[in-house]
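Structure record follows, encoded as C-alpha coordinates.
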Amino acid sequence: MVKAKAGMMPIDRRCIIGVSGIMGSGKTTVAREFEKLGAIRVDADLIGKQILRIPEVKKALVAAFGRSIMTTGGAIDRRKLAEVAFDSSATVAKLNRISHSYLIERLRLKVDKASKSSPIVVVDAALLPEWGIRSLLDLLIVVDASEETAIERCCRARGFARSQVLARMGSQLSRKGKLRRADVIIPNFGSLKDLKARAHIFFYNLVEIGMGGETNA
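For the sequence shown, this note's numbering assigns the number 476 to the initial residue and increments by one for each residue that follows.
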(Lines of atoms letter the chains of each structure in order from A; the text may use other names.)
(Lines give C-alpha, C1' and ligand atoms only; values in the text may rest on other atoms or scores of the structure.)
Protein backbone atom coordinates (compact mmCIF):
# COMPACT_ATOMS: atom_id res chain seq x y z
CA MET A 476 0.00 0.00 0.00
CA VAL A 477 1.32 3.46 -0.91
CA LYS A 478 1.31 5.83 2.06
CA ALA A 479 0.84 9.58 1.49
CA LYS A 480 0.65 12.41 3.99
CA ALA A 481 -2.65 14.24 4.02
CA GLY A 482 -2.82 17.29 1.79
CA MET A 483 0.34 16.44 -0.10
CA MET A 484 -1.05 15.87 -3.61
CA PRO A 485 -0.05 18.69 -5.97
CA ILE A 486 -2.86 20.87 -7.29
CA ASP A 487 -1.25 22.74 -10.17
CA ARG A 488 -0.44 21.44 -13.63
CA ARG A 489 3.32 21.39 -13.16
CA CYS A 490 4.58 18.76 -10.77
CA ILE A 491 8.18 18.08 -9.79
CA ILE A 492 8.46 14.72 -8.03
CA GLY A 493 11.58 13.63 -6.18
CA VAL A 494 12.18 9.89 -5.82
CA SER A 495 14.65 8.84 -3.15
CA GLY A 496 15.50 5.95 -0.85
CA ILE A 497 18.50 4.13 0.55
CA MET A 498 20.85 2.37 -1.86
CA GLY A 499 19.15 -0.69 -3.34
CA SER A 500 15.68 0.42 -2.27
CA GLY A 501 14.23 0.38 -5.80
CA LYS A 502 13.95 4.15 -6.27
CA THR A 503 15.28 4.09 -9.85
CA THR A 504 12.83 1.33 -10.77
CA VAL A 505 9.98 3.57 -9.60
CA ALA A 506 11.38 6.64 -11.36
CA ARG A 507 11.76 4.70 -14.62
CA GLU A 508 8.18 3.46 -14.41
CA PHE A 509 7.03 7.07 -14.11
CA GLU A 510 9.16 7.85 -17.14
CA LYS A 511 7.49 5.06 -19.13
CA LEU A 512 4.13 6.58 -18.25
CA GLY A 513 5.07 9.98 -19.69
CA ALA A 514 7.10 11.87 -17.10
CA ILE A 515 10.56 13.24 -17.87
CA ARG A 516 13.18 11.69 -15.60
CA VAL A 517 16.15 13.72 -14.41
CA ASP A 518 18.92 11.30 -13.41
CA ALA A 519 21.09 12.79 -10.66
CA ASP A 520 23.58 9.93 -10.95
CA LEU A 521 24.17 10.80 -14.61
CA ILE A 522 24.68 14.45 -13.66
CA GLY A 523 27.20 13.30 -11.06
CA LYS A 524 29.15 11.49 -13.77
CA GLN A 525 29.07 14.54 -16.02
CA ILE A 526 30.45 16.96 -13.47
CA LEU A 527 33.50 14.76 -12.94
CA ARG A 528 34.55 15.84 -16.44
CA ILE A 529 34.53 19.54 -15.56
CA PRO A 530 38.22 20.54 -15.51
CA GLU A 531 38.09 22.53 -12.27
CA VAL A 532 36.17 19.75 -10.50
CA LYS A 533 38.61 17.09 -11.69
CA LYS A 534 41.58 19.20 -10.65
CA ALA A 535 40.12 19.81 -7.19
CA LEU A 536 39.31 16.13 -6.67
CA VAL A 537 42.79 15.00 -7.62
CA ALA A 538 44.28 17.62 -5.29
CA ALA A 539 42.04 16.45 -2.45
CA PHE A 540 42.20 12.67 -2.91
CA GLY A 541 45.32 11.97 -4.97
CA ARG A 542 46.05 10.71 -8.45
CA SER A 543 45.05 7.17 -7.51
CA ILE A 544 41.42 8.13 -8.25
CA MET A 545 42.25 8.58 -11.95
CA THR A 546 42.05 6.06 -14.76
CA THR A 547 45.00 5.42 -17.05
CA GLY A 548 43.25 7.65 -19.58
CA GLY A 549 43.20 10.62 -17.19
CA ALA A 550 39.52 10.55 -16.19
CA ILE A 551 38.14 10.26 -12.67
CA ASP A 552 37.42 6.63 -11.78
CA ARG A 553 34.13 6.81 -9.86
CA ARG A 554 34.69 3.55 -7.98
CA LYS A 555 38.15 4.57 -6.84
CA LEU A 556 36.87 8.01 -5.87
CA ALA A 557 34.06 6.42 -3.86
CA GLU A 558 36.49 4.15 -2.01
CA VAL A 559 38.39 7.11 -0.59
CA ALA A 560 35.59 9.69 -0.48
CA PHE A 561 33.24 7.52 1.61
CA ASP A 562 35.95 6.49 4.03
CA SER A 563 34.87 8.94 6.75
CA SER A 564 32.56 11.88 7.42
CA ALA A 565 35.52 14.20 6.83
CA THR A 566 36.23 12.82 3.36
CA VAL A 567 32.52 12.90 2.46
CA ALA A 568 32.42 16.55 3.50
CA LYS A 569 35.49 17.22 1.36
CA LEU A 570 33.82 15.60 -1.66
CA ASN A 571 30.65 17.62 -1.11
CA ARG A 572 32.54 20.92 -0.86
CA ILE A 573 34.08 20.25 -4.26
CA SER A 574 31.15 18.83 -6.19
CA HIS A 575 27.89 19.82 -4.49
CA SER A 576 27.39 23.30 -5.96
CA TYR A 577 28.07 22.08 -9.51
CA LEU A 578 25.67 19.16 -9.12
CA ILE A 579 22.83 21.23 -7.69
CA GLU A 580 23.22 23.94 -10.34
CA ARG A 581 23.02 21.39 -13.17
CA LEU A 582 20.16 19.58 -11.49
CA ARG A 583 18.13 22.79 -11.25
CA LEU A 584 18.82 23.61 -14.90
CA LYS A 585 17.79 20.11 -16.01
CA VAL A 586 14.57 20.26 -13.99
CA ASP A 587 13.71 23.71 -15.31
CA LYS A 588 14.27 22.60 -18.90
CA ALA A 589 12.30 19.38 -18.43
CA SER A 590 9.34 21.16 -16.83
CA LYS A 591 8.89 23.19 -20.02
CA SER A 592 8.36 19.96 -21.97
CA SER A 593 6.27 17.88 -19.58
CA PRO A 594 3.84 18.64 -16.73
CA ILE A 595 5.43 15.89 -14.64
CA VAL A 596 9.18 15.78 -13.97
CA VAL A 597 10.79 13.05 -11.85
CA VAL A 598 14.09 13.69 -10.09
CA ASP A 599 15.79 10.34 -9.44
CA ALA A 600 18.34 10.84 -6.64
CA ALA A 601 19.24 8.90 -3.50
CA LEU A 602 20.39 12.02 -1.66
CA LEU A 603 17.45 14.36 -2.27
CA PRO A 604 16.59 14.64 1.45
CA GLU A 605 20.22 15.53 2.22
CA TRP A 606 20.74 18.15 -0.48
CA GLY A 607 18.58 20.91 0.97
CA ILE A 608 16.55 21.44 -2.22
CA ARG A 609 13.13 20.49 -0.89
CA SER A 610 11.70 23.77 -2.20
CA LEU A 611 12.42 22.56 -5.74
CA LEU A 612 10.03 19.63 -5.32
CA ASP A 613 6.26 19.43 -5.11
CA LEU A 614 6.43 15.91 -3.71
CA LEU A 615 9.16 13.78 -2.20
CA ILE A 616 8.66 10.03 -2.60
CA VAL A 617 10.79 7.61 -0.62
CA VAL A 618 10.89 4.00 -1.77
CA ASP A 619 11.22 1.84 1.33
CA ALA A 620 13.02 -1.48 1.62
CA SER A 621 14.75 -3.22 4.50
CA GLU A 622 18.43 -2.38 4.85
CA GLU A 623 19.50 -6.00 4.62
CA THR A 624 17.54 -6.56 1.41
CA ALA A 625 18.92 -3.34 -0.06
CA ILE A 626 22.49 -4.36 0.77
CA GLU A 627 22.00 -7.75 -0.86
CA ARG A 628 20.59 -6.10 -4.00
CA CYS A 629 23.56 -3.74 -4.30
CA CYS A 630 26.05 -6.57 -3.90
CA ARG A 631 24.26 -8.88 -6.32
CA ALA A 632 23.20 -6.43 -9.04
CA ARG A 633 25.93 -3.78 -8.89
CA GLY A 634 28.96 -5.77 -7.81
CA PHE A 635 29.63 -3.90 -4.57
CA ALA A 636 31.30 -5.49 -1.59
CA ARG A 637 29.16 -5.42 1.55
CA SER A 638 31.67 -3.08 3.23
CA GLN A 639 31.37 -0.62 0.33
CA VAL A 640 27.59 -0.51 0.60
CA LEU A 641 27.75 -0.03 4.36
CA ALA A 642 30.27 2.79 3.95
CA ARG A 643 28.03 4.62 1.51
CA MET A 644 24.93 4.08 3.60
CA GLY A 645 26.80 5.37 6.62
CA SER A 646 27.50 8.66 4.84
CA GLN A 647 23.80 9.23 4.10
CA LEU A 648 20.61 9.69 6.06
CA SER A 649 19.38 6.48 7.60
CA ARG A 650 16.35 4.65 6.28
CA LYS A 651 14.24 6.11 9.10
CA GLY A 652 15.65 9.59 8.43
CA LYS A 653 14.59 9.43 4.80
CA LEU A 654 11.15 8.10 5.67
CA ARG A 655 10.54 10.97 8.10
CA ARG A 656 11.10 13.45 5.26
CA ALA A 657 8.84 11.70 2.77
CA ASP A 658 5.51 13.02 1.53
CA VAL A 659 4.78 9.63 0.01
CA ILE A 660 6.20 6.21 0.91
CA ILE A 661 6.15 3.40 -1.65
CA PRO A 662 6.99 0.09 0.09
CA ASN A 663 9.20 -2.40 -1.70
CA PHE A 664 9.04 -5.61 0.31
CA GLY A 665 7.71 -7.88 -2.40
CA SER A 666 8.46 -8.67 -6.02
CA LEU A 667 9.62 -6.37 -8.77
CA LYS A 668 6.18 -6.78 -10.34
CA ASP A 669 4.56 -5.56 -7.10
CA LEU A 670 6.79 -2.49 -6.97
CA LYS A 671 6.04 -1.55 -10.57
CA ALA A 672 2.31 -1.97 -9.91
CA ARG A 673 2.49 0.39 -6.92
CA ALA A 674 4.38 2.93 -9.03
CA HIS A 675 1.68 2.78 -11.71
CA ILE A 676 -1.13 3.14 -9.18
CA PHE A 677 0.51 6.17 -7.62
CA PHE A 678 1.18 7.80 -10.99
CA TYR A 679 -2.39 7.35 -12.21
CA ASN A 680 -3.76 8.70 -8.93
CA LEU A 681 -1.45 11.70 -9.27
CA VAL A 682 -2.71 12.40 -12.77
CA GLU A 683 -6.37 11.95 -11.85
CA ILE A 684 -6.42 13.75 -8.51
CA GLY A 685 -3.61 16.25 -8.75
CA MET A 686 -3.34 17.15 -12.41
CA GLY A 687 -6.97 17.34 -13.42
CA GLY A 688 -6.69 14.26 -15.59
CA GLU A 689 -4.53 15.87 -18.26
CA THR A 690 -0.96 14.76 -18.96
CA ASN A 691 1.06 13.45 -21.85
CA ALA A 692 1.34 10.05 -20.11
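The C-beta atom is built at its ideal place from N, Cα and C for all residues, glycine as well.
Please name the residue, chosen from the options, that lies closest to residue i on a Cα-to-Cα basis.
i	options	result
lysine 524	Thr504, Arg581 and Ala514	Arg581
asparagine 663	Pro594, Thr503 and Thr566	Thr503
serine 564	Ser576, Lys671, Gln647 and Leu667	Gln647
serine 495	Val532, Lys653, Leu527 and Ile676	Lys653
serine 576	Ile526, Leu521, Leu641 and Thr547	Ile526
alanine 601	Leu611, Ile616, Gly665 and Arg528	Ile616
valine 532	Ser610, Ala568, Ser574 and Val640	Ser574
leucine 521	Asp669, Arg553, Leu670 and Leu641	Arg553
lysine 671	Arg489, Lys511 and Cys490	Lys511
arginine 516	Gly548, Ser593, Ala568 and Thr546	Ser593
According to DSSP, is residue i part of a helix, a strand, or is it coil?
i	result
serine 592	coil
threonine 528	It is worth fixing the name first, because residue 528 is arginine in this sequence and not threonine. Of the three classes helix, strand and coil, the one that applies to arginine 528 here is coil, per DSSP.
isoleucine 608	coil
tyrosine 679	helix
serine 666	coil
glutamine 647	coil
serine 564	helix
leucine 578	helix
leucine 602	coil
serine 500	coil
What are the partner residues of residue i, as DSSP defines its beta bridges?
i	result
serine 495	Val617
arginine 516	Val597
isoleucine 573	According to DSSP, isoleucine 573 bridges with nothing at all.
isoleucine 522	Paired residues: none, contrary to the question.
isoleucine 551	Met545
cysteine 490	Ile595
Since residue i contacts residue j with CB under 8 Å, what's their CB separation in whole angstroms?
i	j	result
arginine 673	isoleucine 661	5 Å
isoleucine 492	leucine 614	5 Å
arginine 643	methionine 498	6 Å
alanine 519	aspartate 599	6 Å
valine 596	alanine 514	6 Å
Measuring from the CB of residue i, is there a heavy atom of the ligand NAP at a distance below 7 Å?
i	result
leucine 602	The ligand NAP is not among the ligands present in this structure, which contains no ligands whatsoever.
Whether or not the segment 538-549 and the segment 618-638 are in contact is what I'm after, with contact meaning three or more pairs of Cβ atoms, one per stretch, closer than 8 Å; do they touch?
The segment 618-638 is not in contact with the segment 538-549.
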